[in-house]
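Down below is the structure, laid out as structure tokens.
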Amino acid sequence: MAMDEIVDGLSEVSCDVLVIGGGTAGPMAALKAKLKNPKANVVLLEKANVKRSGAISMGMDGLNNAVIPGYATPEQYTKEITIANDGIVDQKAVYKYAQNCYKIIEELDSFGIRFLKNENGDYAVKKVHHIGTYVLPMPNGETVKKAIYRQLRRARILISNRYMATRLLTSSDGRVAGAISVNTRTAEMLVIKAKAVILCMGAAGRLGLPTSGYMFGTYENAANSGDGYAMAYHAGAALANLECFQINPLIKDYNGPACAYVAGPFGAFTANNEGSRFIECDYWSGQMMLEFYNELSSGKGPVFLQLSHLHEKTIEEIESTLHKVERPTRGLFQKGRGTDYRTESIEMHISEIGFCSGHSASGVLVDDFARTTVPGLYAAGDMASVPHNYMLGAFTNGSVAGTDAMEFADNHDFAAFDAADVAKERDRVMAPTKREDGIPPNQIEYKARRLVNDYLQPPKVTRKFELGQRRLAEVREDMEQQMIARNSHELLRALETQSILDCADMAAHASLYREESRWGLYHLRTDFPEKDNENWFCHTLLSKKDGKMTSEKRDVEPYVVPIADEEKDLYDKQRIRASA
Amino acid sequence: MPLASYQTFVPVVVDDAKCIADKGCTVCVDVCPLDVLRISDMTGKAFMAYDECWYCMPCEADCPTGAVTVNIPYLLR
Numbered sequence: 022m023a024m025d026e027i028v029d030g031l032s033e034v035s036c037d038v039l040v041i042g043g044g045t046a047g048p049m050a051a052l053k054a055k056l057k058n059p060k061a062n063v064v065l066l067e068k069a070n071v072k073r074s075g076a077i078s079m080g081m082d083g084l085n086n087a088v089i090p091g092y093a094t095p096e097q098y099t100k101e102i103t104i105a106n107d108g109i110v111d112q113k114a115v116y117k118y119a120q121n122c123y124k125i126i127e128e129l130d131s132f133g134i135r136f137l138k139n140e141n142g143d144y145a146v147k148k149v150h151h152i153g154t155y156v157l158p159m160p161n162g163e164t165v166k167k168a169i170y171r172q173l174r175r176a177r178i179l180i181s182n183r184y185m186a187t188r189l190l191t192s193s194d195g196r197v198a199g200a201i202s203v204n205t206r207t208a209e210m211l212v213i214k215a216k217a218v219i220l221c222m223g224a225a226g227r228l229g230l231p232t233s234g235y236m237f238g239t240y241e242n243a244a245n246s247g248d249g250y251a252m253a254y255h256a257g258a259a260l261a262n263l264e265c266f267q268i269n270p271l272i273k274d275y276n277g278p279a280c281a282y283v284a285g286p287f288g289a290f291t292a293n294n295e296g297s298r299f300i301e302c303d304y305w306s307g308q309m310m311l312e313f314y315n316e317l318s319s320g321k322g323p324v325f326l327q328l329s330h331l332h333e334k335t336i337e338e339i340e341s342t343l344h345k346v347e348r349p350t351r352g353l354f355q356k357g358r359g360t361d362y363r364t365e366s367i368e369m370h371i372s373e374i375g376f377c378s379g380h381s382a383s384g385v386l387v388d389d390f391a392r393t394t395v396p397g398l399y400a401a402g403d404m405a406s407v408p409h410n411y412m413l414g415a416f417t418n419g420s421v422a423g424t425d426a427m428e429f430a431d432n433h434d435f436a437a438f439d440a441a442d443v444a445k446e447r448d449r450v451m452a453p454t455k456r457e458d459g460i461p462p463n464q465i466e467y468k469a470r471r472l473v474n475d476y477l478q479p480p481k482v483t484r485k486f487e488l489g490q491r492r493l494a495e496v497r498e499d500m501e502q503q504m505i506a507r508n509s510h511e512l513l514r515a516l517e518t519q520s521i522l523d524c525a526d527m528a529a530h531a532s533l534y535r536e537e538s539r540w541g542l543y544h545l546r547t548d549f550p551e552k553d554n555e556n557w558f559c560h561t562l563l564s565k566k567d568g569k570m571t572s573e574k575r576d577v578e579p580y581v582v583p584i585a586d587e588e589k590d591l592y593d594k595q596r597i598r599a600s601a
Numbered sequence: 133m134p135l136a137s138y139q140t141f142v143p144v145v146v147d148d149a150k151c152i153a154d155k156g157c158t159v160c161v162d163v164c165p166l167d168v169l170r171i172s173d174m175t176g177k178a179f180m181a182y183d184e185c186w187y188c189m190p191c192e193a194d195c196p197t198g199a200v201t202v203n204i205p206y207l208l209r
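Protein chains in written order, with the working numbering: chain A, 22 to 601; chain B, 133 to 209.
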């Protein structure tokens, strides 16, 4: 049988803990779950291949948020992230991360991943954030996935590649009971019963359309189509602060980081067309992105990453990192453009929008044990609500999720689900393959994402959002009535398109609910231009109630680390003041 | 309604002379995060079947014979 030919089949398996997503958080969650109870069955389900999946497919240049004794304290870090996130933070989870992450660094070191040390043997931590020092380079960062994969094999984790999870199964009392998935090369369906499920399915990175027009030229790994957000939503879980979009400063057209976190500590900086600095700090925050946006709109753009003033040796060192890890085709791109860092600055622009707690704060609501609001369901990494958690956060919170999920599985039996739910999902998944004629998924996806750019990109205008919702509803109707998939690969794209449209609807709904501006550019509403702490110093939670999308307010938990009044607006002071 | 096929200049290029997919190798097909590579029924060699590339490089980095080259997709070059 040829690959991609559609096979109509359905089978069922069971395990104690099911981890969905084998990028960064997922492998660590699976590993820790297995370590907690070596006799239990742990399944790691992955849409691509665990060896090369997710945001760190080609490794990572370093840790962006390492809290290392002697350089930073958990209290300092918690304070910085709280301020960077405009105060809307449940600090317990951030503080716990900050306390645990050093242990995870030591563990990664024992896996063979090296971290930069100075001549005295101390970690060579660099300053990129506005206040503290947390960036730690990884000299063999290209080997991260390999090192983790070795650990998975050693622990005998059951890995199922090329299965896309489509929906969670829940019991009548709302507990998680497993997941339904589909093989991306045969379209055969697999039901996985599980006592606990951990979602590690990455950002919603295929939401906005890159300005290059190339659908897969996204900032995030383009496989991250927001499936985890959609699944959590349909299972009844609450999603937090989705209006706090991810928007990043990237190499124009290439759409990857330039990358100021690597080059900044060596003296590179963001400059306008006059060659002047205009932001105090290159750390990615909504407030920084607002200044970036203002500079571009003011006529002082284009904006550049400036490094031609650096010494030859320094530039060589920066190149050897940028052109080797994370997005190694950066080198090829710059060569094609004739951009030599020695003589020319790198033209930057603003990325498409997405959801991602790894960089901002839009994610499935989790507590400090990575528990979602659905019993037995966990989330970690870019899709879970712990803000600004980056790669080390994915590893650390994945570790927390794995341990707690196994404890849950040890104390619970399988939850019962309704067989009719499986039949209904099978019909939904296979529907595009049953049509003789219709619209291919790539056209529906393109149109939905073009509408996201036209109507949902900040600055957010109420009237535009309402029009956007109407247009998106029309596309949804086309998707539900007319989308066609002629083979299992097209079916994969068709299912991803459904996640993308769900995320677009959530992005619009959440943004209209919060009637203020917050997080700089991420939630800049022209009809409500001011920050309104009196009415909106709160989380917003979006969830599905009686089949309808609803939003509600939720109090910010009392701080563990107090923030003084004069510290609260430190991230609002990003623009460099003109000096006399 | 009839569907038209759409011309596109694919970013991933495979050197047939070096590719050993006809000897059973499937490394590039296995590792691609977007699952866009396939083995041709006609030539027995790997090729880019779907223009959905993140220009990320695992196919090129993991190919045991150096047969795969990732180029930047034309639209963003």
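C-beta: ideal position from N, C-alpha, C; glycine also. Predicted model only: the values in this text are computed from it and were never measured.
Determine the closest residue to A/I41 out of A/I125, A/V324, A/A422, with distance taken between C-alpha atoms.
A/A422
If we call anything under 7 Å between Cβ atoms a contact, is A/T561 one with A/Y534?
yes
If the cut-off is 7 Å on Cβ atoms, which residues from the segment 55 to 82 of chain A count as contacting chain B, listed in chain order?
A69, N70, K72, R73, S74, S78, M79
DSSP state of A/Y275, grouped into three classes?
coil
Compare the C-beta of B/P196 with all C-beta atoms of chain A and state if any pair is closer than 7 Å.
no
Can you check whether the C-beta of B/I204 is within less than 7 Å of a C-beta belonging to chain A?
yes
Straight-line gap, A/S378 to A/V407 (C-alpha atoms, nearest Å):
6 Å
A/F354 burial status per 10 Å Cβ neighbour count (16 or more: buried)
buried
I'd like to know whether the C-beta of A/N204 is nearer than 7 Å to at least one C-beta of chain B.
no
Grab the span of the beta strand (DSSP E) containing A/F376 for me, first residue to last.
From DSSP, A/F376 is part of no beta strand (DSSP E); its letter is neither H nor E.
Which residues mark the beginning and the end of the alpha helix (DSSP H) in which B/C224 is found?
What is shown of chain B runs 133 to 209, which leaves residue 224 of chain B out entirely.
Tell me whether the segment 172 to 186 of chain A and the segment 49 to 65 of chain A touch, counting them as touching only if at least three CB pairs, one residue from each stretch, are closer than 8 Å.
yes
Could you list the residues in the segment 344 to 370 of chain A with a C-beta less than 9 Å from some C-beta on chain B, going in chain order?
R348, P349, T350, L353, F354, G357, R358
If we ignore side chains and look at the alpha-carbon of each, how far apart do A/Y144 and A/L84 end up?
12 Å
Counting along the chain, where does the beta strand (DSSP E) carrying A/S341 start and finish?
No beta strand (DSSP E) contains A/S341, which is instead part of the alpha helix (DSSP H) from 333 to 343.
What number of angstroms, rounded off, separates the C-alpha of A/N315 from the C-alpha of A/I367?
19 Å
State yes or no: is the C-beta of A/V203 within less than 7 Å of the C-beta of A/T187?
yes
Tell me the DSSP secondary structure of A/D37 in three-state form.
strand
Buried or exposed, going by whether 16 or more other CB atoms sit within 10 Å of the CB of A/Y592?
buried
Throw me the rounded Cβ distance for the A/L563 and A/L398 pair, which I believe falls under 8 Å.
Actually they do not touch by this definition, with Cβ atoms about 16 Å apart.
Can you find the residues in the same chain that come closer than 6 Å, C-beta to C-beta, to A/V146, ignoring five residues on each side of it along the sequence?
I89, Y92, T154, L157
Got a sec? Which residues, its chain only, sit under 7 Å from A/I152 by beta carbon, not counting five neighbours each side?
E101, L591
For the alpha helix (DSSP H) holding A/Y282, just list the boundary residues, first then last.
281 to 284
Which residues share a DSSP beta bridge with A/Y144?
A/K138
Using the beta-carbon count (16 or more within 10 Å), is A/K53 buried or exposed?
buried
In chain order, what residues of the same chain have a beta carbon less than 7 Å from the beta carbon of A/K167, not counting five sequence neighbours either side?
none
Determine the DSSP secondary structure at A/N432, reduced to helix, strand or coil.
coil
Is the CB-CB distance between B/Y187 and A/T350 below 7 Å?
yes
Across the segment 104 to 113 of chain A and the segment 76 to 83 of chain A, are there enough close Cβ pairs to call them in contact, namely three or more that are closer than 8 Å?
no
Where does A/T291 land, buried or exposed, given buried means 16+ other C-beta within 10 angstroms?
buried
Between which two residues does the alpha helix (DSSP H) harbouring A/Y250 extend?
248 to 255
From this set, A/A198, A/G30, A/I77, A/D37, which residue's C-alpha is nearest A/M437's C-alpha?
For the record, residue 437 of chain A in the displayed sequence is Ala; it is not Met. Of the candidates A/A198, A/G30, A/I77, A/D37, the one whose C-alpha sits nearest the C-alpha of A/A437 is A/A198.
Starting from the C-beta of A/T417, find all residues in its chain whose C-beta is less than 7 Å away, skip the five residues before and the five after it, and write them out in chain order.
Y118, N121, C122, I125
What do you reckon, are the CB atoms on A/P462 and A/E511 nearer than 7 Å?
yes
Within 7 Å of any Cβ in chain C, is that where the Cβ of A/A261 sits?
Protein chains A and B are contained in the structure displayed, whereas chain C is not.
Buried versus exposed call for B/F141 [16 or more other C-beta atoms within 10 Å across all chains shown]
exposed
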